[in-house]
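Quick note, the sequences are listed as chains U and D, same order. Residue numbering for the first sequence follows the working numbering, starting at 27 and increasing by one per position. Residue numbering for the second sequence follows the working numbering, starting at 27 and increasing by one per position.
There are 2 protein chains.
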Amino acid sequence: MTQYFFILADSELELVPQEIVNERCILNNARARGKAPEKILLDASHHHPAFGKLPDSERRGRPDLVHYFLMLCIDSDLTAEGKLRVFVHTRNNDVIAVNPETRLPPHYPRFVGLIESLYEQRVVPSKENPLLELRQGVTLETLVNALKPDEVLVMNPVGEETPLLEKFGSIKSERVAVIIGGFSRGDFKSDLSKLKPTNISLGKRMLKVWTVTSKALCAIEQASKMPEVTLPKPSKPRRAPKKKAE
Amino acid sequence: MTQYFFILADSELELVPQEIVNERCILNNARARGKAPEKILLDASHHHPAFGKLPDSERRGRPDLVHYFLMLCIDSDLTAEGKLRVFVHTRNNDVIAVNPETRLPPHYPRFVGLIESLYEQRVVPSKENPLLELRQGVTLETLVNALKPDEVLVMNPVGEETPLLEKFGSIKSERVAVIIGGFSRGDFKSDLSKLKPTNISLGKRMLKVWTVTSKALCAIEQASKMPEVTLPKPSKPRRAPKKKAE
């Protein structure tokens with residue numbers, strides 16, 4: 027059985043950064059939600075007027091991408107069969123480990139509230155029942171190495187275009203990390219080269235995080251249902267058959 | 027080329043019903059959003075305290091399911107290739123037709139606002155550029171018949187468990203309607219029998235709307251990439267082989 031680790035890497039999930047914590051749109055949004063401004067998640071949809079002051083402003087503040095990724099992974103057959111563990115890695119090297127038993131709120135504002143609680147408490151709902159756990163200062167490389175994968179796949183438009191079903195159908199490794207970018211624009215910020223990954227492109231069209239996640243999950247599930255094709259090993263040259271079998 | 031029509035049927039999307047329009051949680055939520063209470067979408071996550079007065083309360087108020095369905099469909103390869111048209115049918119027989127050019131907000135509260143505008147204006151963003159159109163009083167049967175499908179498939183746990191890749195790989199019809207339930211509990215409310223559908227079950231586990239949608243999309247995409255398997259037709263009984271091939 028192959029154990030898969032899905033990692034949403036460099037995802038655009040973070041608390042409101044200090045440099046814009048006093049911007050009007052942030053203060054208004056925090057007040058409306060009854061929270062301190064430095065304890066709310068940065069959200070491009072609410073806080074865009076303050077984004078001019080942030081570097082990388084065109085890609086930041088996308089907790090919704092994390093939400094889609096988690097909802098798809100958690101309800102997958104792979105999770106139900108115990109073959110998938112899921113991690114979220116962020117632009118600030120925060121890592122969220124997700125217990126496979128977790129049921130997350132499908133309602134986005136509740137998900138945002140839950141992640142904000144996680145940043146306050148480091149674990150939710152409680153230490154006795156840790157469904158989500160936050161570790162800070164963990165690079166993507168550290169996370170991947172800790173999982174000891176035999177193979178690292180990165181869903182990356184710069185990679186080779188590979189039919190997913192074939193790729194996953196041919197996997198023999200016991201532990202496979204699948205890395206998906208948690209951003210809507212640009213490239214990975216983490217250095218992937220040390221992970222010696224296989225880059226897999228799904229084609230020229232820029233795909234959304236939910237589409238990439240869904241394609242990877244489905245291909246693994248489909249591949250596991252396909253009859254195994256055992257190709258003859260070209261070990262020794264065989265004698266030529268006397269007659270073709272017809 | 028097969029043209030697919032994905033229909034989210036009996037989906038739990040509706041404006042706040044008249045009988046609970048004066049409940050405190052509805053009034054508060056409407057005031058906070060600066061809208062009239064009868065013009066906001068019913069949402070189980072915000073309005074649950076008022077649900078006791080509604081029949082079918084355990085399943086109503088789930089615009090989030092519609093959002094997941096649409097986000098997956100719209101970014102799919104099928105839509106990009108012009109092979110998919112998407113419709114949302116609701117418990118009140120409202121039908122939303124989605125222009126394949128539509129790009130919806132991934133941010134859930136913005137999606138809710140957009141659908142509320144659609145209920146006010148019947149078309150958004152404008153009549154000249156109709157990306158979403160609302161028709162009311164259209165039953166599922168009327169909608170499906172209008173699409174003139176050669177084949178109707180219903181993703182239905184009561185159906186026969188069918189490997190999706192095989193099912194979609196064997197489709198020869200030109201127009202195929204795929205019906206997915208837009209609710210989290212219970213059964214279809216519409217009468218499906220007149221559509222003479224093929225019911226397809228994905229197994230015993232109750233799956234979320236996004237999982238079913240994603241599986242159906244991926245299976246169609248994968249099936250279209252598979253080499254066509256032409257099985258030998260067992261037309262005449264063959265002579266028994268003299269010896270088993272080993």
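Glycine included, C-beta positions come from ideal geometry on N, C-alpha and C.
For the candidate residues the options, whose alpha-carbon lies nearest to that of residue i?
i	options	result
Ala242 of chain U	U:Leu104, U:Thr116, U:Ala70, U:Leu218	U:Leu104
Leu173 of chain U	U:Glu84, U:Val202, U:Asp120	U:Val202
Val42 of chain D	D:Ile141, D:Cys244, D:Glu177	D:Ile141
Tyr94 of chain D	D:Ser210, D:Leu218, D:Lys222, D:Glu247	D:Ser210
Gly78 of chain U	U:Ala62, U:Cys51, U:Gly60	U:Cys51
Phe194 of chain U	U:Gly185, U:Glu186, U:Leu179	U:Leu179
Thr224 of chain D	D:Arg231, D:Met181, D:Thr237, D:Ile246	D:Met181
Asp36 of chain U	U:Leu169, U:Ser196, U:Pro189	U:Leu169
Ser102 of chain D	U:Ala76, U:Thr28, U:Asp69, U:Leu233	U:Leu233
Glu38 of chain U	U:Gly87, U:His72, U:Met27, U:Arg161	U:Gly87
Pro156 of chain D	D:Asn171, D:Arg129, D:Pro189, D:Ala106	D:Arg129
Arg207 of chain D	D:Ile100, D:Pro81, D:Arg161, D:Ser227	The residue asked about is misnamed: residue 207 of chain D is Gly in this sequence, not Arg. Of the listed residues, the one whose Cα sits closest to Gly207 of chain D is D:Ser227.
His133 of chain D	D:Ala70, D:His115, D:Met97	D:Met97
Thr239 of chain U	U:Cys99, U:Arg161, U:Glu49, U:Ser71	U:Cys99
Asp69 of chain D	D:Pro89, D:Val164, D:Gly185, D:Leu110	D:Pro89
Leu80 of chain D	D:Glu49, D:Lys61, D:Ala56, D:Lys109	D:Glu49
Glu107 of chain D	U:Leu221, U:Ser216, U:Gly229, U:Ser71	U:Gly229
Ser71 of chain D	D:Ala62, D:Lys61, D:Leu91, D:Arg57	D:Leu91
Lys215 of chain D	D:Leu110, D:Pro75, D:Val121, D:Thr165	D:Thr165
Pro189 of chain D	D:Gln248, D:Glu154, D:Gly163	D:Gln248
When the Cα atoms are used, what is the spatial distance from residue i to residue j?
i	j	result
Arg148 of chain U	Glu64 of chain U	16 Å
Glu167 of chain D	Glu127 of chain D	26 Å
Phe31 of chain U	Ile205 of chain U	8 Å
Leu53 of chain U	Val47 of chain U	7 Å
Pro135 of chain U	Lys198 of chain D	43 Å
Glu146 of chain D	Ala123 of chain D	16 Å
Val138 of chain U	Pro131 of chain U	9 Å
Ser152 of chain D	Asn125 of chain D	13 Å
Glu187 of chain D	Arg231 of chain D	11 Å
Arg59 of chain U	Leu34 of chain U	27 Å
Pro20 of chain U	Glu84 of chain U	Nothing about residue 20 of chain U can be reported from this structure: the residues present for chain U run from 27 to 272 only.
Glu200 of chain D	Ser196 of chain U	33 Å
Met27 of chain U	Asn119 of chain D	46 Å
Glu45 of chain D	Ser250 of chain D	48 Å
Leu67 of chain D	His73 of chain D	10 Å
Gln29 of chain U	Cys244 of chain U	15 Å
Leu158 of chain U	Pro175 of chain D	45 Å
Leu191 of chain D	Ile246 of chain D	7 Å
Arg117 of chain U	Asp82 of chain U	11 Å
Leu218 of chain D	Glu177 of chain D	13 Å
Val114 of chain D	Glu40 of chain D	12 Å
Val255 of chain D	Met252 of chain U	At Val255 of chain D, the pLDDT of 47 sits below 50, so the modelled position is not reliable and the matter cannot be decided from this model.
Lys259 of chain U	Val112 of chain U	In this predicted model, Lys259 of chain U has a pLDDT of only 48, less than 50, meaning its place in the structure is not dependable enough to derive any value.
Asp213 of chain U	Ala62 of chain U	32 Å
Ala56 of chain U	Arg161 of chain D	38 Å
Starting from the beta carbon of residue i, find every residue of chain D whose beta carbon is closer than 9 Å, and list them in chain order.
i	result
Ser83 of chain U	Neighbours of Ser83 of chain U on chain D: none; closest Cβ ~16 Å, over 9 Å.
Can you pull the chain B residues whose beta carbon is under 7 Å from the beta carbon of residue i, in chain order?
i	result
Lys241 of chain D	Among the protein chains in the structure shown, which are U and D, there is no chain B.
Which bits of chain U does residue i rub up against, with CB to CB less than 7 Å?
i	result
Leu20 of chain D	Residue 20 of chain D lies beyond the stretch modelled for chain D, which goes from 27 to 272, so this question has no answer here.
Lys251 of chain D	Pro189
I want to verify the contact list: residues of chain D whose CB lies under 8 Å from the CB of residue i, in sequence order.
i	result
Asp101 of chain U	Leu233, Lys234, Trp236, Thr237
Asp90 of chain U	Pro132, His133, Tyr134
Met97 of chain U	Tyr94, Lys234, Trp236
Item to check | Whole runs of the alpha helix (DSSP H) within the segment 68 to 147 of chain D, excluding any shorter than 4 residues | outcome: 70 to 73, 89 to 100, 103 to 106, 134 to 147
Next on the checklist: Against chain D, which members of the segment 131 to 154 of chain U pass a CB distance test of less than 8 Å?
Outcome noted: Hits within the stretch, in order: Pro131, Pro132, His133, Tyr134, Pro135, Arg136.
Item to check | Interfacial residues, the segment 215 to 235 of chain U to chain D, with Cβ spacing under 7 Å | outcome: Arg231, Leu233, Lys234
Checklist entry - If you scan the segment 141 to 211 of chain U from start to end, which runs of the alpha helix (DSSP H) of 4 or more residues do you find wholly inside it? => result 166 to 173, 190 to 195
Next on the checklist: Closer than 8 Å between beta carbons: that is the criterion. Which residues of the segment 106 to 117 of chain U meet it against chain D?
Outcome noted: Listed in sequence order: Ala106.
Item to check | Residues in the segment 69 to 82 of chain D having any Cβ partner in chain U nearer than 7 Å | outcome: Ser71
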